[in-house]
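*Asks:* Quick one: this structure, given as structure tokens, is what I'll be asking you about.
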Amino acid sequence: MKTLENEHRDSFSASPLFEQSKALKLAVIPSLSRGVRGFKKSVDFIGSPAAANHHDDDHLSSASSVGEALRWGMTTLRSSSSSPRADANRLLEHVLGRTSAWLVAHDTEGLDPVERHGFVRVVKERARGVPVAYVLGRWGFFGSEYTVNADVLVPRPETELLVERALQFLMRRAGRLQVLDVGTGSGAIACAIAQALPNAIVHATDNNAAAIRLAQQNAARLGVQDRCTFFVGDLAAPVRGERYACVLANLPYIPTAELPRRPDPASYEPRGALDGGPDGLALYRRLLSELPSLLEDDALAVLEAAAPTIAALVDVARRYVVRADVDVARDYAGQERFVVVATGSSARSAE
Ligand SMILES: C[S@@+](CC[C@H](N)C(=O)[O-])C[C@H]1O[C@@H](n2cnc3c(N)ncnc32)[C@H](O)[C@@H]1O
0 MKTLENEHRD SFSASPLFEQ SKALKLAVIP SLSRGVRGFK KSVDFIGSPA
50 AANHHDDDHL SSASSVGEAL RWGMTTLRSS SSSPRADANR LLEHVLGRTS
100 AWLVAHDTEG LDPVERHGFV RVVKERARGV PVAYVLGRWG FFGSEYTVNA
150 DVLVPRPETE LLVERALQFL MRRAGRLQVL DVGTGSGAIA CAIAQALPNA
200 IVHATDNNAA AIRLAQQNAA RLGVQDRCTF FVGDLAAPVR GERYACVLAN
250 LPYIPTAELP RRPDPASYEP RGALDGGPDG LALYRRLLSE LPSLLEDDAL
300 AVLEAAAPTI AALVDVARRY VVRADVDVAR DYAGQERFVV VATGSSARSA
350 E
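Everything in the sequence shown is counted per numbering that gives the first Met the number 0, starting at 0 for the first residue and increasing by one.
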């Protein structure tokens with residue numbers, strides 16, 4: 000079976016899109032796919048589960064320099080983050096509006112009181128377990144920056160592989176392409192596809208109206224609002240009757256009993272973005288029952304899930320989408336992560 004990693008090496012690793020997001024991926028590879036029985040999303044990317052923090056009473060002296068602030072931030076986050084240095088750096092960059100290179104070059108520069116209080120506030124927020132992405136209010140995905148808040152899942156690096164798999168298929172096609180992103184959250188998948196493919200029209204759904212509002216804002220900021228239409232509704236119900244060259248979904252897939260709890264940073268993400276029902280596949284079962292009526296003759300669907308659910312998800316896909324190739328692709332950590340459903344000859348020839 001050909002995996003996404005192989006495909007990376009074979010054909011995509013030379014593309015500018017891959018290069019664009021490579022730095023981000025390299026930074027996160029070691030932290031992927033940890034968690035209870037493999038169900039968790041890569042929460043270490045947004046911050047590790049927090050232990051009780053014993054540094055809340057610590058404070059930053061009024062004469063602190065950039066370097067001292069970073070050291071204080073690191074010490075304060077040591078018991079609540081697996082990446083205290085990186086977190087402290089990102090938070091100080093955010094508060095000062097500076098790059099990490101600037102921080103290094105200005106190690107001895109003093110902080111003014113507003114900067115100091117701002118930094119203490121965000122470090123303490125992070126020390127409570129709040130994901131870095133929510134503290135910053137933005138996060139990178141596929142080379143672009145997205146506004147994120149507690150209404151949406153923080154887009155994960157492994158989901159970039161889902162986008163790459165879709166692009167690999169769609170880039171071989173000419174003419175107008177219709178793509179569907181089910182459960183769009185921040186709109187990351189939808190916008191990444193629209194940014195990469197000027198000939199793509201993207202429809203995206205979410206049952207959370209607040210998420211759809213944020214996704215619309217992200218699409219507008221990234222300049223793809225004319226080719227991305229966002230719908231509030233259940234799965235593909237808002238677009239019934241439409242047919243797509245590609246259907247993408249990163250639906251909630253954590254079994255209810257495995258949902259993260261405080262102080263795990265993932266517990267700050269919306270339950271509606273995580274809870275996949277008793278076995279994690281409740282939403283995918285419903286989507287797959289509709290998939291044949293959503294796909295064009297020569298089409299691809301890529302569904303993201305957790306390794307322990309993949310075999311069952313493949314079975315469901317084979318049951319509902321007859322006369323299709325159903326394959327599994329892995330994430331950066333080598334975990335089975337995606338179910339790829341291909342109908343028609345051009346999809347098969349892309350393998
Ligand atoms: C795991 S998050 C993925 C968000 C985004 N696609 C990403 O990859 O970052 C799942 C999303 O599916 C949405 N969702 C959950 N149940 C849904 C349903 N029945 N219909 C449509 N969207 C749903 C959630 O609100 C959430 O935004």
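C-beta atoms are modelled at their ideal positions from N, C-alpha and C, and glycine is treated no differently.
Using only the alpha-carbon positions, how far apart do Ile188 and Leu169 sit?
*Replies:* Those two C-alpha atoms are separated by around 14 Å.
*Asks:* In the DSSP output, what is Leu302 paired with across the bridge?
*Replies:* Ala248, Val338, per the DSSP bridge assignment.
*Asks:* Which two residues bound the contiguous beta strand (DSSP E) that contains Leu355?
*Replies:* Lying before the first or after the last residue shown, residue 355 is absent from the chain, which here runs from 0 to 350.
*Asks:* If we ignore side chains and look at the alpha-carbon of each, how far apart do Gly184 and Ala236 end up?
*Replies:* Each residue's Cα considered, the two are about 16 Å apart.
*Asks:* Going by DSSP, what residues sit across from Cys227 in a beta bridge?
*Replies:* Looking at the DSSP assignment, Cys227 forms a beta bridge with Val201.
*Asks:* Taking the C-alpha atoms as reference points, what is the distance between Val340 and Glu92?
*Replies:* Cα to Cα, the separation comes out at about 42 Å.
*Asks:* Taking only the alpha-carbon atoms, compute the straight-line gap between Gly232 and Leu95 and give it to the nearest angstrom.
*Replies:* Approximately 40 Å between the Cα atoms of the pair.
*Asks:* Jot down the residue ranges of each uninterrupted alpha helix (DSSP H) in the segment 135 to 218, minimum 4 residues, whole runs only, in chain order.
*Replies:* Within the segment 135 to 218, the complete alpha helix (DSSP H) runs of at least 4 residues are 156 to 169, 187 to 195.
*Asks:* Going by C-alpha to C-alpha distance, which of Val178, Ala203, Trp138, Ile211 sits closest to Leu196?
*Replies:* The candidate whose alpha carbon is nearest that of Leu196 is Val178.
*Asks:* Going by the C-beta, is Pro156 closer than 8 Å to any heavy atom of ligand 1?
*Replies:* Checking the Cβ of Pro156 against ligand 1 gives no.
*Asks:* How big is the Cα-Cα spacing for Pro277 and Arg270?
*Replies:* Looking at the two C-alpha atoms, the distance is approximately 14 Å.
*Asks:* Excluding sequence positions up to five away, which residues of its chain have a Cβ less than 6 Å from the Cβ of Ile192?
*Replies:* Same-chain partners within the cutoff: Val178, Ala199, Val201.
*Asks:* Any idea what DSSP makes of Gly109, helix, strand or coil?
*Replies:* The answer is strand: DSSP assigns Gly109 an E or B state.
*Asks:* Under the criterion of a Cβ to heavy atom distance below 8 Å, does Ser185 qualify as lining ligand 1?
*Replies:* Correct: Ser185 has its Cβ closer than 8 Å to ligand 1.
*Asks:* Tell me the rounded alpha-carbon separation between Pro48 and Pro130.
*Replies:* Bear in mind that the predicted position of Pro48 carries a pLDDT of just 48, short of 50, making it unreliable; the figure below should be weighed with that in mind. Cα-Cα distance, rounded: 10 Å.
*Asks:* Out of Leu76, Gly186, Gly66, which one is the CA nearest neighbour of Gly128?
*Replies:* Per the Cα distances, Leu76.
*Asks:* Hey, how far is the Cα of Ile28 from the Cα of Tyr331?
*Replies:* For Ile28, the predicted model reports a pLDDT of 27, less than 50, meaning its position is unreliable; a value from the coordinates is still stated below. When rounded, the distance between both Cα atoms is 6 Å.
*Asks:* In the DSSP assignment, find the unbroken alpha helix (DSSP H) run with Asp86 in it and report its ends.
*Replies:* From DSSP, the alpha helix (DSSP H) with Asp86 extends over 83 to 95.
*Asks:* With 16 as the cutoff for other CB atoms within 10 Å, does Glu144 come out buried or exposed?
*Replies:* So Glu144 ends up on the exposed side.
*Asks:* Between the C-alpha atoms of Gly136 and Arg322, what's the straight-line distance to the nearest angstrom?
*Replies:* Whole-angstrom Cα-Cα distance: 44 Å.
*Asks:* According to DSSP, simplified to helix, strand and coil, what is Leu290?
*Replies:* Here Leu290 sits in helix by DSSP.
*Asks:* Quick check on the burial criterion: 16 or more other C-beta atoms within 10 angstroms. Buried or exposed for Glu241?
*Replies:* Counting Cβ neighbours within 10 Å, Glu241 comes out exposed, since fewer than 16 surround it.
*Asks:* Is there contact here, the segment 301 to 316 with the segment 243 to 260, by at least three beta-carbon pairs under 8 Å?
*Replies:* Short answer: they touch.
*Asks:* Is it the case that the Cβ atoms of Arg115 and Ser61 are separated by a distance below 9 Å?
*Replies:* In contact: Arg115 and Ser61 (Cβ atoms closer than 9 Å).
*Asks:* Do you know how far the Cα of Pro291 is from the Cα of Thr308?
*Replies:* Roughly 21 Å separates the two Cα atoms.
*Asks:* If we ignore side chains and look at the alpha-carbon of each, how far apart do Val153 and Val134 end up?
*Replies:* Taking the straight line joining both Cα atoms gives about 11 Å.
*Asks:* Between Arg164 and Leu299, is the Cβ-Cβ spacing less than 9 Å?
*Replies:* Yes.
*Asks:* Over what stretch of residues does the alpha helix (DSSP H) that includes Ala104 continue unbroken?
*Replies:* First-last of the alpha helix (DSSP H) with Ala104: 99 to 104.
*Asks:* Can you name, in chain order, every residue of its own chain whose Cβ lies under 8 Å from the Cβ of Tyr351, other than the five neighbours on each side?
*Replies:* This structure cannot speak to residue 351, because the chain is shown only from 0 to 350.
*Asks:* According to DSSP, is Arg285 helix, strand or coil?
*Replies:* It is helical.
*Asks:* CA-CA distance, Ala85 and Ser64?
*Replies:* Their Cα atoms are separated by approximately 18 Å.
*Asks:* Within a Cβ cutoff of 8 Å, which residues of the same chain sit near Arg125, ignoring the five residues on either side of it in sequence?
*Replies:* Around Arg125: Gly46, Leu76, Ser79, Ser80, Asp86, Leu90, Val131, Val134.
*Asks:* Quick one: does the C-beta of Gly142 sit closer than 8 Å to a heavy atom of ligand 1?
*Replies:* Gly142: no, Cβ never under 8 Å from ligand 1.
*Asks:* Is Arg329 helix, strand or coil by DSSP?
*Replies:* It is a strand residue.
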